[in-house]
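Quick note on the numbering used here: the sequence shown kicks off at 314 and runs consecutively. A short worksheet on the structure shown next.
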Amino acid sequence: MSKETISNLIIAAEIENVRTRPYLIKWFMIILAIKTILFTYFTFQFHTYAREKQIHSGIAIAMGDTRNYYVPAEEFTQHGNYNSACRMPGLLPFYVPVSFLFGQEAAYVGIIIFQFFLSVLSVLLLAIVAARIFPYRFVFEATALMYAFSTFVSIWDHTLMSDSFSTSFLIFSVYCLVKYSDKKANKLLILAGVWLAWAIFLRQISVILLPVFCVVLLLERKDGFVKYFVRCALISLPILLSVGAWTYRNYAREHQFIPFIKPVADCYETYTPQFLAVNQLLLAWGEDIQYWIPNTPANWFVSPKQQSQLFERGRSVETSVCKNDSLITLQHAYQIFRTTDDSLLKAKTGGYVLEKSKLYREVYVSEKAVDFFVMNRLKMFRAFVFPSRLDNMPGPAFDKMNVMQKIIKLGYFALLLIINFFAFLATVWFLFKRNWKAFFFALIPWSFVVILAIVLGFIEQRYLVPTYPFFLVLGIGFVIELLAKRFALFRA
314 MSKETISNLI IAAEIENVRT RPYLIKWFMI ILAIKTILFT YFTFQFHTYA REKQIHSGIA
374 IAMGDTRNYY VPAEEFTQHG NYNSACRMPG LLPFYVPVSF LFGQEAAYVG IIIFQFFLSV
434 LSVLLLAIVA ARIFPYRFVF EATALMYAFS TFVSIWDHTL MSDSFSTSFL IFSVYCLVKY
494 SDKKANKLLI LAGVWLAWAI FLRQISVILL PVFCVVLLLE RKDGFVKYFV RCALISLPIL
554 LSVGAWTYRN YAREHQFIPF IKPVADCYET YTPQFLAVNQ LLLAWGEDIQ YWIPNTPANW
614 FVSPKQQSQL FERGRSVETS VCKNDSLITL QHAYQIFRTT DDSLLKAKTG GYVLEKSKLY
674 REVYVSEKAV DFFVMNRLKM FRAFVFPSRL DNMPGPAFDK MNVMQKIIKL GYFALLLIIN
734 FFAFLATVWF LFKRNWKAFF FALIPWSFVV ILAIVLGFIE QRYLVPTYPF FLVLGIGFVI
794 ELLAKRFALF RA
């Protein structure tokens, strides 16, 4: 069999065809080898630099939100009741059987193993998706290699969180959706809905892909809108059934309509009305609300000491009722509210924080509408898609890293920016060229960006994780399409 024949088979990506299986198996093993090497390296990095209480059984890393996912899961294992409406139970199928048979620590290890192997499989399926969207030579191979070597998503394979599973399931769902365009088998639409439903139970923001999937299915509407609506219904069915059952359970137990999770203020004691009011003020200014990031306005507000100087860029948020002194006074009141044990003083300063935060926000929106509605949204978009730092990678502070650690971190930071840049160019290019198949595919990652960064202002880097694999496909497809126009080597 010639190399050209093999390449064409990969482009067709008929995974059931026996002639493609050896090639796909070979690539699965290549991906497994690459990711195993990287997994081993970063396991040692986590083990060296993570706090001791974060590490479970050597390879499982607990993060800030880990407890909120796994305490309800362990309670379900022990008592058969899932006593939380603050996290959906998407992890139970992985956690409960292992914990029931071997205990909690073994279940943590099992979670990491499950995450890793599903992540390996997701690389292969993403490469198949890329080859179907962009029918050029080397798209499959380039996607497989680039995504296998990337850590922006796979770093979460080490952690007891939801990001690794949810991203893998999104790729599985998109794979089924893209494969449907070739096979026209309704079971693939149902499977796409099943995987998307599971992703929703892990990260609720994934629900935004349901309408996006229906937009993608517009490409299949040539046989009439009745069949189009049937296809949308088939994808929606697993989500409606599972989320409906969860909503009914919550109403029966909590006597509230909770289709996904409770409001954060009902789940976390630290999310006081004052905390949320300050956050809304920061978001109106177009500022990052990650208060644990040093030298940010959010960090300035939660400083354990009363500030005497305004944060950088503070004067640009001043209005007729909010001056330099006003913000410093607000920070003082918020600091007292957070630290005092005097109930009367706490009530007084808490009321002041609520009143002034609301007033300053309303006046800012009124007096600086262009900044609020346009400039700050663009600022959040840039900070989310083109961040100024790379978070979540284990290791010491950058100035204490050795040369190899610096090369790895800077290399992956550069890779993130390059992929996102080419994904942006690709989206504009495909729209200009009216390549609707590629453009509709681009709606999948960009929907996350629009909702999270532009609408909500949430720009924590882990929220960008679900977009990365699809940005990578867009960037690779765009580059190889340009190369194919010039060089016959890349043409199918």
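Even for Gly, the Cβ is constructed at its ideal location relative to N, Cα and C.
Asked, Found
"I338 (DSSP reduced to helix, strand or coil)", "helix"
"Neighbourhood of S467 by C-beta, 6 Å cutoff - its chain only, sequence neighbours within 5 removed", "S432"
"Residues near G537 in its chain [Cβ-Cβ closer than 8 Å; skip 5 each side]", "none"
"Three-state class that DSSP yields for I374 in the structure shown", "strand"
"C-beta contact flag for I793 and V452 at 8 Å", "yes"
"Bridge-paired residues (DSSP) for T472", "I374"
"Backbone CA spacing between A510 and D704 [nearest angstrom]", "28 Å"
"Which residues DSSP lists as bridging H392, in chain order", "Answer by DSSP bridge pairing: none, since H392 is not bridged."
"Nearest-angstrom Cα separation, counted from V528 out to Y561", "29 Å"
"Residue(s) in a DSSP beta bridge with H369", "A373"
"8 Å contact criterion, which I484 and L439 should meet: CB distance rounded", "5 Å"
"V792: CB within 7 Å of a non-hydrogen atom of the ligand ADP", "Although the ligand ADP was asked about, the structure shown includes no ligands whatsoever."
"With 16 other Cβ atoms within 10 Å as the buried cut-off, status of I344", "buried"
"Per DSSP, the bridge partner or partners of Y781", "In the DSSP output, where bridge partners are listed per residue, Y781 has none listed."
"C-alpha distance - F697 paired with L596, whole-angstrom precision", "14 Å"
"For L322, three-class secondary structure by DSSP", "Residue confidence for L322 is low, a pLDDT of 42 falling below 50, so the modelled location carries little weight and cannot support an answer."
"Simplified DSSP assignment, three categories, for R806", "Lying before the first or after the last residue shown, residue 806 is absent from the chain, which here runs from 314 to 805."
"Distance, C489 Cα to L553 Cα", "18 Å"
"The region 668 to 675 contacting the region 636 to 648, beta-carbon criterion three pairs below 8 Å", "yes"
"Start-to-end residues for the alpha helix (DSSP H) that takes in A578", "V577 to C580"
"Residues near F803 in its chain [Cβ-Cβ closer than 7 Å; skip 5 each side]", "Y449, R450, F451, I793, L796 and A797"
"Y647 versus G599 - alpha carbon distance", "20 Å"
"DSSP three-state assignment for R651, whether helix, strand or coil", "helix"
"Residue range of the alpha helix (DSSP H) that includes V409", "L405 to F415"
"Bridge-paired residues (DSSP) for R804", "Y449"
"Nonlocal neighbours in the same chain, by C-beta distance under 8 Å from H369, ignoring five residues either side", "A375, E418, Y421, V422 and L473"
"Proximity of V762 and A443 at Cβ, strictly below 8 Å", "no"
"Through-space distance from F570 to P335, alpha-carbon basis", "50 Å"
"Three-state class that DSSP yields for E668 in the structure shown", "helix"
"Cβ pair I574, A398 closer than 8 Å", "yes"
"7 Å Cβ shell around A325 - same chain, five flanking residues per side excluded", "Confidence is the limiting factor: at A325 the pLDDT is only 46, short of 50, which leaves the residue's position unreliable, though a coordinate-based value still follows. Around A325: no qualifying Cβ."
"Beta-carbon gap between S633 and V676 smaller than 8 Å", "yes"
"Among H471, F752 and K681, the one whose alpha carbon lies nearest that of Y354", "H471"
"6 Å Cβ shell around R799 - same chain, five flanking residues per side excluded", "none"
"For V331, three-class secondary structure by DSSP", "With a pLDDT of only 35 at V331, under the threshold of 50, the placement of this residue in the model should not be trusted, and no figure is reported."
"Own chain, CB closer than 7 Å to K692, minus 5 neighbours either side, in chain order", "G599"
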